[in-house]
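Colleague:
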Amino acid sequence: MKFELPKLPYQANELEPVISKQTIDLHYGKHLQTYVNNLNSLIVGTAFEHADIETIVRQSEGGIFNNAGQILNHTLYFLQFSHQGGDAPKGALADAINTKFGSFGEFKKVFTEAAVTLFGSGWAWLAKDENGELQILKESNAGNPLTKGMKPILAFDVWEHAYYVDYQNRRAEHIEKIWNIIDWNVVEKRF
Ligand code: MN
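Residues in the sequence shown are numbered consecutively from -15, following this note's numbering.
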């Protein structure tokens, strides 16, 4: 399968000031494009040549896993934003958050802590486990909840390339602002 950049549901400047156009141009336009190009080259002649992205993430390792993971992770990441985002989830996802964490505010606190304290490059995830329960995961590098049999729901990228242009070393400030552009309509559908 030849992979392509996912189409963004917004213009590159639309998430400002939370994420600048410059960061979208670099992070989506350059970093994600590189993962796509790399994976398309790496899978030629392998068992993964015609596989979908989830299958590759579940079954591969090494360079193929790293690039496939980053394509899936960034697709979930970039498609969950809107300049009209923020607020809080509704429906079944809201119920599951309240059951697991007590309140949306408490969930945000615990999730933010996970994202801020993740050492090095990686991803903070909200995922649904095999019992339908929500879990917060800290994954290094290209890690995705799929490899643990869980469904990814919400993705925060804490690689420095996600925030360094706009926030320099202030990861916590970036994480705090990201909540304001989460499109919960998109995230609720993943649950
Ligand atoms: Mn990234």
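Glycine included, each C-beta is placed from N, C-alpha and C at the ideal position. Quick caveat: nothing in here was measured; it's all calculated off a predicted structure.
1) Can you determine whether any heavy atom of the ligand MN sits closer than 7 Å to the C-beta of D36, and answer yes or no?
2) Counting Cβ pairs, one atom from each stretch, are 3 or more of them under 8 Å apart for the region 134 to 144 and the region 56 to 68?
3) For S105, does the three-state DSSP call read helix, strand or coil?
4) Below 7 Å, is the gap between the Cβ of A139 and the nearest heavy atom of the ligand MN?
5) Rounded to whole angstroms, how far is the Cβ of K92 from the Cβ of E117, which I believe are closer than 8 Å?
6) Measure the CB-CB distance between V2 and K132 and report whether it falls below 8 Å.
7) Would you decide whether G176 is buried or exposed? Buried here means 16 or more other CB atoms lie within 10 Å of its CB.
8) Which whole-angstrom value is the C-beta distance of E123 and W107, which I expect to be below 8 Å?
9) If you check the beta carbons only, do L10 and H145 fall under 8 Å apart?
10) Closer than 7 Å: is that where the CB of A146 sits relative to any heavy atom of the ligand MN?
11) So E157 packs on K74, CB below 8 Å; how close in whole Å?
12) When you compare only the Cα positions, how much space is there between G86 and F140?
13) From A126 to F88, what distance separates their C-alpha atoms?
14) How is E144 classed by DSSP in three states: helix, strand or coil?
15) Could you pull the DSSP bridge partners for A139 from this structure?
16) For L130 versus V28, is the C-beta spacing smaller than 8 Å?
Modeller: Result, derived from the coordinates:
1) Working through the sequence shown from its first residue, we reach residue 36 at position 52. At a cut-off of 7 Å, the beta-carbon of D36 does not count as near the ligand MN: no heavy atom of the ligand is closer than that.
2) A contact exists between the region 134 to 144 and the region 56 to 68.
3) Position 121 of the sequence shown, counting from 1, holds the residue named residue 105. Note: S105 maps to coil in three-state DSSP.
4) Here residue 139 refers to the residue found at position 155 when the sequence shown is read from its first residue. Distances taken from the Cβ of A139 to the heavy atoms of the ligand MN include none shorter than 7 Å.
5) Here residue 92 is taken as the residue at index 108 of the sequence shown, counted from 1. Here residue 117 is taken as the residue at index 133 of the sequence shown, counted from 1. By a beta-carbon distance limit of 8 Å, K92 does not contact E117. Their separation comes to about 18 Å.
6) Mapped onto the sequence shown, residue 2 falls at position 18. Mapped onto the sequence shown, residue 132 falls at position 148. Contact: no.
7) No information on residue 176 is available, as it lies outside the stretch -15 to 175 that the chain covers here.
8) Mapped onto the sequence shown, residue 123 falls at position 139. Mapped onto the sequence shown, residue 107 falls at position 123. That belief holds up - the Cβ atoms of E123 and W107 are roughly 5 Å apart, short of 8 Å.
9) Counted from its first residue, the sequence shown places residue 10 at position 26. Counted from its first residue, the sequence shown places residue 145 at position 161. Inclusion of L10 and H145 in the CB contact set at 8 Å is warranted, their separation being smaller than that value.
10) Counted from its first residue, the sequence shown places residue 146 at position 162. Yes, the Cβ of A146 comes within 7 Å of a heavy atom of the ligand MN.
11) Reading the sequence shown from its first residue, position 173 is the one you call residue 157. Reading the sequence shown from its first residue, position 90 is the one you call residue 74. That belief does not hold up - the Cβ atoms of E157 and K74 are roughly 27 Å apart, past 8 Å.
12) Walking along the sequence shown from the start, residue 86 turns up at place 102. Walking along the sequence shown from the start, residue 140 turns up at place 156. So the two alpha carbons sit approximately 21 Å from each other.
13) On the sequence shown, residue 126 is found 142 positions in, with the first residue counted as 1. On the sequence shown, residue 88 is found 104 positions in, with the first residue counted as 1. Taking C-alpha positions only, A126 is separated from F88 by approximately 27 Å.
14) The sequence position of residue 144 within the sequence shown is 160, counting from 1. Correct three-state label for E144: helix.
15) Numbered from its first residue, the sequence shown carries residue 139 at position 155. Looking at the DSSP assignment, A139 forms a beta bridge with W109.
16) On the sequence shown, residue 130 is found 146 positions in, with the first residue counted as 1. On the sequence shown, residue 28 is found 44 positions in, with the first residue counted as 1. No, they are not a contact pair.
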